[in-house]
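I have placed the structure first, in the form of structure tokens, so that the comments after it can refer back to it.
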Amino acid sequence: MRNLHHKQFVGSVALLGLAIALIWSQSTPTLAGSDAKKTQAGVPVEPDMHEFMEYVFQPTYKRLKQAIAAEPDNRKVWKAIKSDALILAEGGNLLLLHDPQNDRSSWNEYSQDVRKEGGLLYKAAKSKDFKTARKHYVAMLKNCNACHQKFADGEHQLTP
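For the sequence shown, the positions run 1 to 160 when UniProt numbering is used.
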């Protein structure tokens with residue numbers, strides 16, 4: 001009788017182990033599956049950071065700098081500020097797809113701060129709150145400049 005219970009116990013443990021392995025293998029992709037998922041989840045179209053910045057961030061920053069230089073007096077300017085703020089905020093997400101040569105942790109932090117400050121700028125622009133929008137615009141640029149200091153040898157400093 002004891003031998004039967006032992007066999008049932010071992011069989012139950014083996015079955016439990018098999019179930020755990022099956023669940024784990026389905027929820028944790030293999031390396032090939034992970035690469036396939038990454039390809040679907042997001043890969044930079046332009047891996048060169050200089051090119052990416054020049055064609056995504058630079059034109060957006062230049063438009064936004066002009067639009068937010070003074071308090072907007074019409075819907076059209078507020079709409080332009082909202083658009084560029086949202087592009088820059090989402091650009092923070094795109095930055096997370098890029099791999100820096102070193103210090104991934106700092107890269108992620110700067111990228112998330114661009115997303116955060118750009119998002120807050122966008123929300124302030126939606127509310128037509130110029131003072132708050134300007135505050136988040138300046139905070140975003142401060143973050144951009146800190147990132148440029150760390151990853152671009154201090155080049156490409158932005159002015160509000």
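Note that the Cβ used here is the ideal one computed from N, Cα and C, for glycine as well.
Computed from a prediction, not measured in an experiment: that's the story for all the values here.
Can you name the start and end residues of the alpha helix (DSSP H) that residue i belongs to?
i, result
"residue 90", "75 to 95"
"residue 156", "Neither: residue 156 is in no alpha helix (DSSP H) and is coded neither H nor E."
"residue 108", "104 to 126"
Using alpha carbons as the reference points, say which of the options lies closest to residue i.
i, options, result
"residue 141", "102, 70, 116, 98", "116"
"residue 91", "123, 41, 55, 101", "55"
"residue 60", "101, 71, 85", "85"
"residue 95", "156, 47, 145", "47"
"residue 79", "130, 143, 145, 138", "130"
Using beta-carbon positions only, say whether residue i and residue j come within less than 8 angstroms of one another.
i, j, result
"residue 136", "residue 152", "no"
"residue 119", "residue 89", "yes"
"residue 93", "residue 113", "no"
So, for residue i: in the same chain, excluding its five sequence neighbours on each side, which residues have a beta-carbon less than 7 angstroms away from its beta-carbon?
i, result
"residue 164", "With the chain represented from 1 up to 160, any question about residue 164 goes unanswered, as that position is not in the structure."
Near residue i, what residues of its chain come up, given a Cβ to Cβ distance below 8 angstroms and the 5 sequence neighbours on each side ignored?
i, result
"residue 28", "Bear in mind that a pLDDT of 39 at residue 28, under 50, signals an unreliable position, so the model cannot answer this."
"residue 146", "110"
Under 6 angstroms Cβ to Cβ from residue i, same chain only, skipping five residues before and after it: list those, please.
i, result
"residue 33", "Per-residue confidence for residue 33 stands at a pLDDT of 49, beneath the threshold of 50, marking its modelled position as unreliable; the derived number appears in the next sentence. Once the five neighbours on either side are set aside, residue 33 has no close Cβ partner at all."
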